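A.B. asks: Can you read through this structure? Questions will come right after.
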Amino acid sequence: MKTFCLIINNSVLKFVKSFSTASRPSECCMNFYQNRVPLRQIKSFTVTHPSCPKKGVVLTTLRGIKMCVNPDEQRIQDLMEKLTWGQKEGSGTGSQ
């Protein structure tokens, strides 16, 4: 009987853990980096998951440092556009 209870308990814990981690976003921004970010230092960006409390963008530098920035700021929108355009040009899929 003890073995049966342990198996059931273990199964329930695994189910709850998998459910809670499946719906949780991997990165959310709580605060935003306020200083100017030079384009040449940025490797990539990721938009945060819609379930995050704040809408944000995570910038990754060439050194692997991640920083949250506000996507509503014009300078960040310009930076994301330039990064996206640069990726398209690099892959040969730029506009003609």
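So the sequence shown is residues 1 to 96, counted in UniProt numbering.
In this text, a Cβ means the ideal position worked out from N, Cα and C, and glycines have one as well.
In this text the structure is predicted, and so the values were computed from the model without any measurement.
1. Take C28 and list the residues in its own chain whose beta-carbon comes closer than 6 angstroms to its own, dropping the five residues that flank it on each side.
2. In this structure, how does DSSP classify T84 when only helix, strand and coil are distinguished?
3. Looking at the structure shown, is I42 part of a helix, part of a strand, or coil, going by DSSP?
4. In or out: I42 buried (at least 16 other Cβ within 10 Å) or exposed?
5. DSSP three-state label for L59, please.
C.D. replies: Walking through what the data contain:
1. Along the sequence shown, read from residue 1 onward, the residue named residue 28 stands at position 28. Result list for C28: T48, C52, in chain order.
2. Locating residue 84 in the sequence shown gives position 84, counting from the first residue. Here T84 sits in helix by DSSP.
3. Taking the sequence shown and counting its residues from 1, one reaches residue 42 at position 42. Three-state DSSP puts I42 in a strand.
4. The sequence position of residue 42 within the sequence shown is 42, counting from 1. I42 is buried by the Cβ-count criterion.
5. The residue given as residue 59 occupies position 59 in the sequence shown. It is a strand residue.
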